[in-house]
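Student: Submitted below is the structure of interest, expressed as C-alpha cells.
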Amino acid sequence: MRTMTAALGLLAATAVHAENRIDLVRPDAPELAAFGDHKIGVTTMTFTNLDQIDIVNTDETGEPPRYDRDITVEIWYPATDETEQSGTYTTLIRDGVTEATLVGQAARDAVPDTDETFPLVIISHGYPGNRFLLSPLAENLASKGYVVAAIDHPDSTYDDQTAFGSTLVNRPWDQRFIIDSMTALESDLGQIIQDDNVAIIGYSMGGYGALIYAGAGVTLLSTTYEWGAPQGLLERNLMGTESHAALADDRVKAIVAFGPWGNNTGFWDAESWAGIETPLMLIAGEVDDVSQYSAMRGIFDDTMNTTRHLLTFAQANHNAGAPMPAPAESYAVSEELGYAPFEHYADPVWDTVRMNNISQHFVTGYLDLHLKGDTEKAAFFDLTPVATDGVWSVDEDGNETEDHSYWTGFPNRTAAGLRFETKQAGE
-8 MRTMTAALGL LAATAVHAEN RIDLVRPDAP ELAAFGDHKI GVTTMTFTNL
42 DQIDIVNTDE TGEPPRYDRD ITVEIWYPAT DETEQSGTYT TLIRDGVTEA
92 TLVGQAARDA VPDTDETFPL VIISHGYPGN RFLLSPLAEN LASKGYVVAA
142 IDHPDSTYDD QTAFGSTLVN RPWDQRFIID SMTALESDLG QIIQDDNVAI
192 IGYSMGGYGA LIYAGAGVTL LSTTYEWGAP QGLLERNLMG TESHAALADD
242 RVKAIVAFGP WGNNTGFWDA ESWAGIETPL MLIAGEVDDV SQYSAMRGIF
292 DDTMNTTRHL LTFAQANHNA GAPMPAPAES YAVSEELGYA PFEHYADPVW
342 DTVRMNNISQ HFVTGYLDLH LKGDTEKAAF FDLTPVATDG VWSVDEDGNE
392 TEDHSYWTGF PNRTAAGLRF ETKQAGE
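FYI, in the numbering used here the residues of the sequence shown are -8 to 418.
Set out below in C-alpha cells:
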C-alpha cells in the first residue's frame, strides 16, 4: 500500500509539473502566500516609446540612430466577481525557440473590477528573461488588489537578446515609461489604477534598473566599460547628472530587488547609495555567483538613507525567490544552448514553489504596508534575524505563549534556511 501511495503521489507531482502551473501554493506555505479574494484578469498591451536612441545599432563613432521602442506588457488586475478563473499563457523558454504553455488562474481580457482602485506594481525581468518569468508573483498579487504590469524589455528577452549596453541604459527608463503609460490609460483598466501609488519589483537586471530608478545613479567608471554602452551613453544614468535626476518619482513608494546585479562590477559607490530614500527590500541567495551575495549585502549595508530589509535564502544561488517553476519543456538539453534550460529557473537546493511562496508572503506584506498603509503587516517584518533561532511555543489551545518568537506567519518548522535583517534609515 505504501508503494502504491508513493507511486500515486509521484504521478500527481509529475502531472502538475507537466501542466506548468504558476499558481501553486504548498500546504506549508507562509500565511501571506495564499491567494487573495479578488478574481484575476489578464491582458496584453504594447506601448511605443517614440524617438529613442537605438543602442544596438550605435557604432563607436557617429551620430547614434534613433527608433520607436515597442514594449509589450502583460497586465494582471482584479476582475469582477463573475469572472471564471482559469487561463493559459503561451511563452518561449530560455532557449528562445521552444514554446511552453503555462497554466494559471487569470482569465484573458476579463472585465476589470471598477468598484475600487488599486496600486500599480511594475515587474522587470532579468537578462535574458520575459514578462512571464515572475508570473507566479504577478497572479498572486493581482488576487490581493494590485494591478501588475510585467515588462518584456526589448533587446533583453529570450528571442531578442542583443547588445548588453541597451539593457544597461534602458532598464530604468523602460520602467518609467511603462509607469507613465499605465497611469495614462483611459479605459476601464486605467480607471482602476492609482496613478500615484506604485512599486517596482526587479529581478537581476530588473533589480539593477529599479535601484537606478530609486536614486542610485551609476559611477563614472561604469560608463567607460568596453563591454558596456557605446559612446558613453550610459552617462544618461550617471549619478549627479540632470538626466538621472529626471528619474526622481514620488509615485514610487517601494522597491523590491531580487538578486540585483551591478554592485559586483563597480556600477555604484557610496554617493550612489546615498540617493536612495525609497523603502527597499532585497531578496538574495547566499551563494549567488552572478550578482555576488557579498555585493548585495553591500547594498543592504550602504543604502543608509532609507529603511531596508534583506531576506536571504541559505545556500541558494541566483534564482532565489523570483523565477517561476521550470517548465516541463526546459528539462531536455536544448540544441540552441547546449544545456538544459531548466537551470535558468531552478535552484539546486531549494524547491522553486517553496521559494515562490516565501517571496509571495514577504512581497505581499511589504506592498500592503507601504502602498496600502496596512500597519498590521509590520508584524511580519519584526523577526528574529536567523529563523532557526526563533522558538515555537504555544499552549494546549494553540495560543502563542510569552516564549514564542517564531517567524510571524510561518507554520512550525517551516522557516529553516532563511534569514531576515532590517536596518533603519541612518544605520
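Glycine included, every Cβ here is placed at the ideal spot set by N, Cα and C. Only a predicted model underlies this, so the values are computations on that prediction, with no experimental measurement involved.
Quick check on the burial criterion: 16 or more other C-beta atoms within 10 angstroms. Buried or exposed for residue 164?
Tutor: For this step, residue 164 is matched to residue 173 along the sequence shown. Residue 164 is buried by the Cβ-count criterion.
Student: When the Cα atoms are used, what is the spatial distance from residue 405 to residue 22?
Tutor: What you label residue 405 is simply residue 414 of the sequence shown in a count that begins at 1. What you label residue 22 is simply residue 31 of the sequence shown in a count that begins at 1. About 11 angstroms.
Student: Measure from the alpha carbon of residue 122 to the alpha carbon of each residue in 47, 34, 72, then state which is nearest.
Tutor: Along the sequence shown, one-based indexing puts residue 122 at 131. Nearest C-alpha to residue 122: 34.
Student: Along the chain, which unbroken stretches of the beta strand (DSSP E) at least 3 residues long are found entirely within the region 76 to 136?
Tutor: Entirely contained in the region 76 to 136, the beta strand (DSSP E) runs reaching 3 residues are, in chain order, 78 to 83, 90 to 95, 109 to 115.
Student: Under DSSP, the alpha helix (DSSP H) around residue 411 begins and ends at which residues?
Tutor: Here residue 411 corresponds to residue number 420 of the sequence shown, with the count starting at 1. No alpha helix (DSSP H) contains residue 411, which is instead part of the beta strand (DSSP E) from 409 to 414.
Student: Does the separation of the CB atoms of residue 40 and residue 12 fall below 8 angstroms?
Tutor: Reading the sequence shown from its first residue, position 49 is the one you call residue 40. Reading the sequence shown from its first residue, position 21 is the one you call residue 12. Cβ distance not < 8 angstroms, so residue 40 and residue 12 don't count as in contact.
Student: Quickly, what does DSSP pair residue 395 with across the bridge? List them, please.
Tutor: Looking up residue 395 in the sequence shown gives position 404. The secondary-structure analysis by DSSP pairs residue 395 with nothing; it has no beta-bridge partner.
Student: Identify the residues that DSSP records as bridge partners of residue 229: which are they?
Tutor: Here residue 229 is taken as the residue at index 238 of the sequence shown, counted from 1. Beta-bridge pairing links residue 229 to 209.
Student: What residues are listed by DSSP as bridge partners for residue 40?
Tutor: Position 49 of the sequence shown, counted from the start, is the residue given in the question as residue 40. The beta-bridge partner set that DSSP reports for residue 40 consists of 60.
Student: Please state if the CB of residue 221 and the CB of residue 494 are separated by a distance shorter than 8 angstroms.
Tutor: Outside the modelled stretch of the chain, which goes from -8 to 418, sits residue 494, for which no answer is possible.
Student: Using only the alpha-carbon positions, how far apart do residue 159 and residue 218 sit?
Tutor: For the purposes of this step, residue 159 is taken as residue 168 along the sequence shown, with counting starting at 1. For the purposes of this step, residue 218 is taken as residue 227 along the sequence shown, with counting starting at 1. In a straight line, the C-alpha of residue 159 is about 10 angstroms away from that of residue 218.
Student: Mapping DSSP to helix, strand and coil, what is residue 262?
Tutor: Here residue 262 is taken as the residue at index 271 of the sequence shown, counted from 1. Correct three-state label for residue 262: helix.
Student: Mind pulling the alpha helix (DSSP H) runs of 4 or more residues that sit fully within the region 324 to 411?
Tutor: 333 to 336, 343 to 362
Student: Would you give the residue range spanned by the alpha helix (DSSP H) that residue 155 belongs to?
Tutor: In the sequence shown, the residue the question calls residue 155 occupies position 164. Start and end: 155 to 174.
Student: What do you get for residue 403, buried or exposed, if any count of 16 or more other CB atoms within 10 angstroms of its CB means buried?
Tutor: The residue you call residue 403 lines up with position 412 of the sequence shown. Taking all protein chains shown into account, residue 403 has fewer than 16 neighbouring C-beta atoms within 10 Å of its C-beta and is therefore exposed.
Student: Under the rule that 16 or more other beta-carbon atoms within 10 Å means buried, what is residue 250, buried or exposed?
Tutor: Locating residue 250 in the sequence shown gives position 259, counting from the first residue. Answer is buried; the Cβ neighbour count reaches 16.
Student: Could you give the first and the last residue of the continuous beta strand (DSSP E) run that contains residue 240?
Tutor: One-based indexing of the sequence shown puts residue 240 at position 249. Here residue 240 belongs to no beta strand (DSSP E), and DSSP marks it neither H nor E.
Student: Please confirm whether residue 419 and residue 316 have their CB atoms less than 8 angstroms apart.
Tutor: Residue coverage of the chain in this structure runs from -8 to 418, which leaves residue 419 outside it and unanswerable.
Student: Helix, strand or coil for residue 183, going by three-state DSSP, please let me know.
Tutor: Position 192 of the sequence shown, counted from the first residue, corresponds to residue 183. If DSSP states are grouped into helix, strand and coil, residue 183 belongs with coil.
Student: Would the beta-carbon of residue 169 fall within 8 angstroms of that of residue 64?
Tutor: Taking the sequence shown and counting its residues from 1, the one referred to as residue 169 is at position 178. Taking the sequence shown and counting its residues from 1, the one referred to as residue 64 is at position 73. Cβ atoms of residue 169 and residue 64: closer than 8 angstroms.
Student: Checking contacts by CB at 8 angstroms: is residue 263 closer than that to chain D?
Tutor: Structure shown: chain D not included; a single protein chain is present.
Student: Residue 237: buried (16+ other C-beta within 10 angstroms of its C-beta) or exposed?
Tutor: Here the question's residue 237 lines up with position 246 in the sequence shown. So residue 237 counts as exposed.
Student: Enumerate in chain order the residues of its own chain whose CB-to-CB distance from residue 370 is below 7 angstroms, with the five nearest sequence positions on each side excluded.
Tutor: Numbered from its first residue, the sequence shown carries residue 370 at position 379. If we look at residue 370 and ignore the five residues flanking it on each side, its Cβ neighbours are 399.
Student: Less than 8 angstroms between C-beta atoms, sequence neighbours within five positions excluded: which residues of the same chain meet that for residue 212?
Tutor: Numbered from 1 along the sequence shown, position 221 holds the residue referred to as residue 212. So the list reads 257, once near-sequence residues are dropped.
Student: Can you give me the start and stop residues for the alpha helix (DSSP H) that residue 286 sits inside?
Tutor: For the purposes of this step, residue 286 is identified with residue 295 of the sequence shown, where counting begins at 1. Run containing residue 286: 284 to 293, per the alpha helix (DSSP H) assignment.
Student: Taking 8 angstroms as the cut-off, does the region 176 to 189 touch the region 114 to 132 (at least 3 CB pairs, one atom from each stretch)?
Tutor: In short, these stretches do not touch, since the Cβ pair count stays below three.
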